[in-house]
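Here the structure comes first, spelled out in structure tokens, and everything after it is commentary.
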Amino acid sequence: MSPLLKIRSERDQMSAIERRIADFVLDNAHLLRDYSSQQLASALGISQSSVVKFSQKLGFKGYPDLKYSVGESLARGDGNDENGLPAASEDPPHPHAALAEGLWRAKAQAGEETRLINPPETIDAIADAIRGAQKVFVIGLGADGIQARGFAMRLSLLGILAVHHFDPVLMPAAVSTTSDGDVLLVFSEHGRQSSLCQIARLFHERHGKVVTVTRHTANPLRAHADLSLLVSAHDERAHIQPLLYQTALQQLLDLIFQLLCEDEGRLQQLSINLELMHPMLDT
0 MSPLLKIRSE RDQMSAIERR IADFVLDNAH LLRDYSSQQL ASALGISQSS
50 VVKFSQKLGF KGYPDLKYSV GESLARGDGN DENGLPAASE DPPHPHAALA
100 EGLWRAKAQA GEETRLINPP ETIDAIADAI RGAQKVFVIG LGADGIQARG
150 FAMRLSLLGI LAVHHFDPVL MPAAVSTTSD GDVLLVFSEH GRQSSLCQIA
200 RLFHERHGKV VTVTRHTANP LRAHADLSLL VSAHDERAHI QPLLYQTALQ
250 QLLDLIFQLL CEDEGRLQQL SINLELMHPM LDT
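Going by numbering that gives the first Met the number 0, the letters in the sequence shown line up with residues 0 to 282, in that order.
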């Protein structure tokens, strides 16, 4: 993995000092060869040992090893420009094209980072849990509810009994019908809603399995998870970051949906349900 991509994918889990170093490396990758560890430390107002520990935490022997790896990455063409996005080969001919290209690259970056922080074993375990459940409960509040509702609908098309909720006050009544092995999918970008944490606790008491869908950050909701889907999507622009999050999350959900479709019986049920829907769409 490119060292710059590794830094971006792990940034959310770093301490405040580590994030300062990470941001400096990402923003000044082309200039890093001119900085010694002491010069980098002085530029950031931190200790030299912090720079060394940062490098070692990423899996390098020390700062020179990190600096060399970054240089090699840039030489291969997988470095980042000043906006944290891969450098374009030429200037687009129209401002709209520039916007589209930048957004596409940012989404691709977020999708790749998200893929790397979700091990295949975790994805398989979540798909297996959904396959084996009698019922799959799905909840998300606010903007999270859009993704939750869409995924619940797709599960239903596969013949999976998916119970979608958007009101945490009514959810405990549904949880009371939980059987062993049922699954609760909780969508919450930042994982801080206490009501969702309470629902997750109630679900555990009924011996259900909780799957949380949040950002790749420590949050209260993840503490209640048996399995976690994690999203890495960063941008300093407030109007762009939600777009990256939604795209990266959708790729994760699409992957799980594909795994569920590998079951021939589920795939046949999907075809049947789509055929039943067509007359309704034509009226």
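Where a beta carbon is used, it is the ideal one built from N, C-alpha and C, also for glycine. Predicted model only: the values in this text are computed from it and were never measured.
C-beta atoms of residue i and residue j nearer than 7 Å
i: residue 230; j: residue 259; result: no
i: residue 226; j: residue 212; result: no
i: residue 181; j: residue 134; result: yes
i: residue 65; j: residue 54; result: yes
i: residue 100; j: residue 7; result: no
i: residue 40; j: residue 24; result: no
i: residue 148; j: residue 164; result: no
i: residue 69; j: residue 21; result: no
In DSSP terms, what residue i is bridged to
i: residue 287; result: There is no way to answer for residue 287, as the model of the chain reaches only from 0 to 282.
i: residue 214; result: 230
i: residue 161; result: 135
i: residue 186; result: 139, 212
For residue i, the nearest candidate out of the options (CA to CA)
i: residue 199; options: 177, 216, 215; result: 177
i: residue 228; options: 51, 206, 123; result: 123
i: residue 254; options: 101, 110, 44; result: 110
i: residue 291; options: 194, 206, 38, 275; result: Because the chain in this structure spans residues 0 to 282, residue 291 falls outside the shown range and cannot be described.
i: residue 34; options: 45, 62, 261; result: 62
i: residue 19; options: 29, 167, 104, 46; result: 46
i: residue 72; options: 38, 32, 56; result: 32
i: residue 206; options: 232, 174, 15, 275; result: 174
i: residue 245; options: 58, 236, 70, 232; result: 232
i: residue 52; options: 102, 223, 36; result: 36
i: residue 152; options: 250, 272, 12, 279; result: 272
i: residue 58; options: 264, 3, 216, 250; result: 3
i: residue 223; options: 236, 240, 192; result: 192
i: residue 240; options: 169, 274, 102; result: 102
i: residue 56; options: 44, 9, 67, 74; result: 9
i: residue 1; options: 67, 44, 38; result: 67
Alpha carbon of residue i to alpha carbon of residue j, nearest angstrom
i: residue 204; j: residue 242; result: 36 Å
i: residue 214; j: residue 238; result: 17 Å
i: residue 17; j: residue 201; result: 37 Å
i: residue 184; j: residue 137; result: 5 Å
i: residue 26; j: residue 60; result: 22 Å
i: residue 125; j: residue 252; result: 11 Å
i: residue 104; j: residue 97; result: 11 Å
i: residue 270; j: residue 30; result: 55 Å
i: residue 87; j: residue 14; result: Because the pLDDT of residue 87 is 46, which lies under 50, any placement of that residue in the model is unreliable, and the number read from its coordinates should be weighed accordingly. Approximately 31 Å between the Cα atoms of the pair.
i: residue 208; j: residue 42; result: 48 Å
i: residue 267; j: residue 197; result: 37 Å
i: residue 12; j: residue 146; result: 24 Å
i: residue 276; j: residue 250; result: 25 Å
i: residue 179; j: residue 216; result: 29 Å
i: residue 114; j: residue 221; result: 18 Å
i: residue 169; j: residue 150; result: 20 Å
i: residue 234; j: residue 108; result: 11 Å
i: residue 263; j: residue 5; result: 37 Å
i: residue 95; j: residue 75; result: 29 Å
i: residue 167; j: residue 256; result: 25 Å
i: residue 172; j: residue 280; result: 33 Å
i: residue 38; j: residue 44; result: 10 Å
Near the ligand PLP: residue i beta-carbon under 6 Å from a heavy atom
i: residue 274; result: No copy of the ligand PLP appears in this structure; indeed no ligand is present at all.
Looking at C-beta atoms only, is the number of pairs between the region 128–139 and the region 149–167 that lie closer than 8 Å three or more? yes
For the structure I just gave you, are there three or more beta carbon pairs, one from the region 144–156 and one from the region 107–127, closer than 8 Å? no
Check whether the region 183–199 touches the region 130–150, counting contact only when three or more Cβ pairs, one atom from each stretch, lie closer than 8 Å. yes
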